[in-house]
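A.B. asks: Before I ask anything, here is the structure I am working with.
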Amino acid sequence: MTELKQNIASSVKKTIAQLYPAAVISEEEIFGMLEYPPDDNMGDIAFPCFKLSRTLRAAPPKIAAAIFAELEKELPAGVGKAQIAGGYLNFFASEEFFKNAILARLAEKGADYGRTCEGEGKTVVLDYSSPNTAKPFHIGHLGTTVIGHSLKLLHEYKGYSCVGINHLGDWGTQFGKLITAYRKWGSREYIEEGGIDKLVELYVKFHEEAEKDASLNDEARAEFTKLEHGDEENLALWRWFIEISLAEYQKTYAQLGITFDSYNGESFYTDKMPEQVQILRDKNLMKIDDGASIVDLSEYNMPPCLILKRDGSTLYPTRDIAAAVYRDRTYHFDKCIYVTSAGQSLHFAQWFKVVELMGYDFASKLYHVPYGTVSIGGEKLATRTGNVILLRDLFALAIEKVRAIMEEKNPNMQNKDEAAEAVGVGAIVFYYLSSNRIRDINFVMEEALDFNGNTGPYAQYTYARTCSILAKLGNEAHENVYNIEGIEKAERDLMKTFSLFPEKVDEAVASMEPSIVTRYILDLCGAFNRFYQSCPIATCENAERRAFRIALTRGTRDILGKALELICIKHPEKI
Ligand code: ARG
């Protein structure tokens, strides 16, 4: 639709210049004023004349009528009809526009319809997922993982080259606790057998025991200090704990189809922090407060940013500062995006300010993308205790339920396991990415799996339906696909929905909001299913129209498949 908007803006601009030579208004301003009417009867694009009435000193309906009288002589390209409605000028796209500008381009580009080169030559670094090692993925990690990866795919679709970084929480006192707990209550066989779950058990046990005996905390601190000083035994344990954690995370990433370009975690920046601490000192940005080194941010209405603890050890912000400098030097990024829960917003605001004060140019290229909390059945999820909802359990439950439904509906189906996993996991991701990221979500499994609702399974079924139609009819070729006369409403609506895909991708990137794509998927599925119900394809007698409808089905498949992929959802051809 952007193209049509441009044509309209250009014609309206010319007409205004002709009618009101004194008026100063640019084509961009007019473009920005164009709206999508809430109802199809009001056209595909509307130009409201209200804002102009001051500049042009005339009532909006009068302006609309005057512009209309001129425009009617030569309608903007791609416009089939224009109308006045009060202070609005309403434009209807022509059939030719949909057939030639939309459908023909879609047939040529397939899943690349909507891809642009806007980001060419630019690099985007995305820091997401980033779990704290030795703890399994819980439902709170779903957000950073799927929002982060989706933003990566969306940027790639716009031509950016992207670097996905899993900034593992692989350093810190928790390793001192784990090492202490392992030596006291664990063994190699015990961990090898149970993997990450046993690490969690040890961690939980440590906290329980430390409640009773506070000296355990001192022991843990001492173990961490040894680790920091390169103690070989502790280092070997630490490496092993990370390996076990990563093996566990990989299972979840595989289910989601997610890979990373780098797993440089917090420990990677250990030797890169002193330089930054020295710069803070040299620039007189740091001061000592109760023994700790801080950057005072009261001038910016924020609490101080902690750089060094009393004992000289570094903190979370210190590592983030060193990591940002490293990324700037390594990747020369145009954007560096951090996806975390909104609970960390202050942390990011603080250290973003610190790097700005340090004089780094890249400070203005850092973006924090926050998201809300997830609860299940109204309960918030705890992390410190063993009482957490693990992502893998949630996925497993969804997969099991989907499998049971498939068993009942389609017992002879091939690849049942694969399809059940794609649909079960997809249902959870889709549900999660349906609302604006900043909203808190209450997860309800029945809603996510409702095959008739606005859900992932519904979208995947629609995709599979297009594939099965094309498997039967897709080889039918017809030259005159675009020659048919008199498009039906459902056909027109579907093409109009196609035309909106590229701008939905743009919006999603601009606002870093994958849910825009999720909602678009529902619009597309709705438009396709209405078309499918009212427009017979296989039984359509007219060969040209049948070919046209096959082309519409192919267009749906290409866009729907790409859109699902962009929000980390797999799309089997058969379900
Ligand atoms: N490991 C952190 C956590 O689980 C998230 C890290 C986010 N990235 C960053 N560069 N701080 O809360």
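Residues in the sequence shown are numbered consecutively from 2, following our numbering.
Even for Gly, the Cβ is constructed at its ideal location relative to N, Cα and C.
For residue 11, collect the residues of the same chain with a Cβ closer than 8 Å to its Cβ; drop the 5 residues on either side in sequence, then sort them by chain order.
C.D. replies: 28, 77
A.B. asks: Apart from the five residues on each side of it in sequence, which residues of its chain come closer than 6 Å, Cβ to Cβ, to residue 126?
C.D. replies: 164, 328, 332, 334, 337
A.B. asks: Is it buried or exposed for residue 385, if we count other Cβ within 10 angstroms and need 16 for buried?
C.D. replies: Its pLDDT being 42, under 50, residue 385 is placed unreliably in this model, and the coordinates cannot settle the point.
A.B. asks: Starting from residue 370, follow its DSSP beta bridges and name the residues at the other end.
C.D. replies: 340
A.B. asks: Spatial neighbours of residue 1 within its chain, please: CB distance less than 8 Å, with the 5 preceding and 5 following residues excluded, ordered by chain position.
C.D. replies: Because the chain in this structure spans residues 2 to 576, residue 1 falls outside the shown range and cannot be described.
A.B. asks: Does DSSP classify residue 89 as helix, strand or coil?
C.D. replies: strand
A.B. asks: Shorter than 8 Å, the distance from the beta carbon of residue 135 to the closest heavy atom of the ligand ARG, or not?
C.D. replies: no
A.B. asks: On the DSSP letters alone, give me the boundaries of the alpha helix (DSSP H) that residue 424 sits inside.
C.D. replies: In the DSSP assignment, residue 424 falls within the unbroken alpha helix (DSSP H) covering 417–433.
A.B. asks: Grab the span of the alpha helix (DSSP H) containing residue 470 for me, first residue to last.
C.D. replies: 457–474
A.B. asks: Per DSSP, what kind of secondary structure is residue 207 in: helix, strand or coil?
C.D. replies: helix
A.B. asks: To the nearest angstrom, how far is the alpha carbon of residue 221 from that of residue 212?
C.D. replies: 14 Å
A.B. asks: Please report the straight-line C-alpha distance between residue 44 and residue 91, rounded to a whole angstrom.
C.D. replies: If I take the Cα positions, the gap works out to 5 Å.
A.B. asks: Hey, quick one: how far does the beta strand (DSSP E) through residue 47 stretch, first residue to last?
C.D. replies: 46–49
A.B. asks: I need the straight-line Cα distance from residue 429 to residue 406, nearest angstrom please.
C.D. replies: 16 Å
A.B. asks: Would you call the region 390–403 and the region 129–144 in contact, with 3 or more CB pairs under 8 Å?
C.D. replies: yes
A.B. asks: Assign residue 80 to one of three DSSP states: helix, strand, or coil.
C.D. replies: strand
A.B. asks: Please say whether residue 467 and residue 341 have beta carbons closer to each other than 9 Å?
C.D. replies: Contact: no.
A.B. asks: Assuming residue 562 contacts residue 112 under a Cβ cut-off of 8 Å, what Cβ separation, rounded to an integer in Å, is found between them?
C.D. replies: 6 Å
A.B. asks: Verify whether the separation of the beta carbon atoms of residue 206 and residue 237 is less than 9 Å.
C.D. replies: no
A.B. asks: Using only the alpha-carbon positions, how far apart do residue 42 and residue 69 sit?
C.D. replies: 18 Å
A.B. asks: Candidates 494, 527, 567: which alpha carbon is nearest residue 40's?
C.D. replies: Ranking the options by Cα distance to residue 40, first place goes to 494.
A.B. asks: Which of the three DSSP states, helix, strand or coil, is assigned to residue 202?
C.D. replies: Residue 202 falls in the helix class under three-state DSSP.
A.B. asks: Would you mind sorting residue 73 into buried or exposed? The rule is 16 or more other CB atoms within 10 Å of its CB.
C.D. replies: exposed
A.B. asks: Residue 505: buried (16+ other C-beta within 10 angstroms of its C-beta) or exposed?
C.D. replies: buried
A.B. asks: With DSSP collapsed to three states, give me the class of residue 384.
C.D. replies: Per-residue confidence for residue 384 stands at a pLDDT of 46, beneath the threshold of 50, marking its modelled position as unreliable; the derived number appears in the next sentence. It is coil, neither helix nor strand.
A.B. asks: Going along the chain, which residues of its own chain have a beta-carbon closer than 6 Å to the beta-carbon of residue 286, five neighbours each way excluded?
C.D. replies: 296, 358
A.B. asks: Using 8 Å as the cut-off, classify the Cβ of residue 351 as near or not near the heavy atoms of the ligand ARG, replying yes or no.
C.D. replies: no
A.B. asks: Return helix, strand or coil for residue 572, following the three-state DSSP convention.
C.D. replies: coil
A.B. asks: Quick check: what's the CA-CA separation for residue 249 versus residue 227?
C.D. replies: Straight across, the Cα-Cα distance linking residue 249 with residue 227 is about 27 Å.
A.B. asks: Relative to the ligand ARG, is the shortest distance from any of its heavy atoms to the C-beta of residue 132 smaller than 8 Å?
C.D. replies: yes
A.B. asks: By a C-beta neighbour count over all protein chains shown, 10 Å radius and 16 as the cutoff for buried, is residue 360 buried or exposed?
C.D. replies: exposed
A.B. asks: Which partner residues of residue 293 appear in the DSSP bridge assignment?
C.D. replies: 290
A.B. asks: Relative to the C-alpha of residue 52, which candidate in 34, 38, 63, 123 has its C-alpha closest?
C.D. replies: 34
A.B. asks: Please indicate yes or no: does the CB of residue 324 lie closer than 8 Å to some heavy atom of the ligand ARG?
C.D. replies: Yes, since a heavy atom of the ligand ARG falls inside the 8 Å radius drawn around the Cβ of residue 324.
A.B. asks: Under 8 Å, with one C-beta from each stretch per pair, do the region 513–527 and the region 152–159 reach the 3-pair mark?
C.D. replies: yes
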